[in-house]
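In our numbering, the protein residues as written are 5 to 359.
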């Protein structure tokens, strides 16, 4: 896909949505120097579970995730995407397992001395993103008007999630240090998490948190991004804010506007995860942030994309694309979110119909 094609895709979205202004940023980066070796690291907000087409790694990795779209524009000599659903900072240096079977080698092993561009999206699973969503949805179904999730995580007078975010900062710091050791010439970019919840209001039919918990969870996600930004600054890496560019594209927006799906995906994606439009928008934001900072130049043709070894039967099946009543789907959706949204095993654990 060329720069004009990706710009056109986002521009069409802008026309339909009435205001997405990312296509000019893509066009402005048409002359960005090509890197030699681009490596993408991260979790399911990077890999793109459920978005066609999925590879066979078992990681829920789409060929339309934002790293793939970025690579299509920058045209590096080599592009390696080892992002994997369910990954934490631990899986940067340890194999990722599913039912005892390795589905992804340590992600940092993809780095070499010639790597000159790294994007990293990590941290959500370290604080238990899937468990948080599950807990808050279940409590919200019982107490729709209060803030039971906030009460659950602040029992005893201290915020458990805020504490956990602070504790995980040292692990993000260690990952960034390891990247610098393995690829000393690389420019490293931490890509923050996008806007998930609206700036105000709720949409309990889409994401059934209690009304009072929407504000609390907005704060939690904001603190996670702030921690990532602080660690990037501390380690000489670059932080890319995706919240600003994704405002107005939260789970409460209609199909064709939202970048992140609700508990019942209306477009091919995992529950409470980016869809294809979200990946295209994130790619545009990252390309804009790279600008003239990107390494290069390199006139060579790109080599085929590499990723972690294939593994996992049934990969590549699509998730349901039409809405299902919360009462009929929420249990299954919450099952997917348990354990850090290990979407690698989605199609193996459930009989998922093709869309």
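Here a beta-carbon is modelled for each residue, glycine too, at the ideal position from N, C-alpha and C.
For residue i, the three-state DSSP class (helix, strand or coil)
| i | result |
| --- | --- |
| residue 183 | helix |
| residue 212 | coil |
| residue 189 | coil |
| residue 97 | coil |
| residue 197 | coil |
| residue 72 | helix |
| residue 227 | helix |
| residue 117 | coil |
| residue 234 | helix |
| residue 102 | strand |
| residue 264 | strand |
| residue 38 | coil |
| residue 149 | coil |
| residue 220 | helix |
Spatial distance of residue i from residue j (CA atoms)
| i | j | result |
| --- | --- | --- |
| residue 284 | residue 51 | 13 Å |
| residue 186 | residue 88 | 20 Å |
| residue 154 | residue 220 | 6 Å |
| residue 362 | residue 156 | In the structure as shown, the chain starts at 5 and stops at 359, and residue 362 therefore has no counterpart that could be examined. |
| residue 263 | residue 278 | 5 Å |
| residue 114 | residue 216 | 43 Å |
| residue 304 | residue 78 | For residue 304, the predicted structure reports a pLDDT of 42, less than 50, and the residue's modelled location is therefore unreliable. The matter cannot be settled from this model. |
| residue 235 | residue 293 | 18 Å |
| residue 95 | residue 110 | 6 Å |
| residue 206 | residue 119 | 43 Å |
| residue 101 | residue 65 | 15 Å |
| residue 195 | residue 229 | 9 Å |
| residue 209 | residue 223 | 21 Å |
| residue 147 | residue 62 | 36 Å |
Cβ-Cβ distance between residue i and residue j below 8 Å
| i | j | result |
| --- | --- | --- |
| residue 47 | residue 103 | no |
| residue 214 | residue 134 | no |
| residue 192 | residue 183 | yes |
| residue 54 | residue 274 | yes |
| residue 39 | residue 123 | no |
| residue 141 | residue 212 | yes |
| residue 246 | residue 286 | yes |
| residue 41 | residue 92 | no |
| residue 176 | residue 232 | yes |
| residue 159 | residue 227 | no |
| residue 76 | residue 121 | no |
Residue interval of the alpha helix (DSSP H) (run including residue i)
| i | result |
| --- | --- |
| residue 55 | Counting along the chain, residue 55 falls outside any alpha helix (DSSP H), and DSSP gives it neither H nor E. |
| residue 248 | 247–250 |
| residue 122 | That residue, residue 122, is in no alpha helix (DSSP H); its beta strand (DSSP E) goes 121–125. |
| residue 289 | 280–294 |
| residue 155 | 152–157 |
Where the beta strand (DSSP E) containing residue i begins and where it ends
| i | result |
| --- | --- |
| residue 137 | Residue 137 -> not in any beta strand (DSSP E); alpha helix (DSSP H) instead, spanning 133–146. |
| residue 44 | 41–46 |
| residue 242 | 242–244 |
| residue 84 | 82–85 |
Proximity test, Cβ basis, 8 Å: residue i and chain C
| i | result |
| --- | --- |
| residue 68 | Judged by its chain identifiers, the structure shown contains no chain C, having just a single protein chain. |
* Is the segment 248–260 close to the segment 194–206, with three or more CB pairs under 8 Å? -> yes
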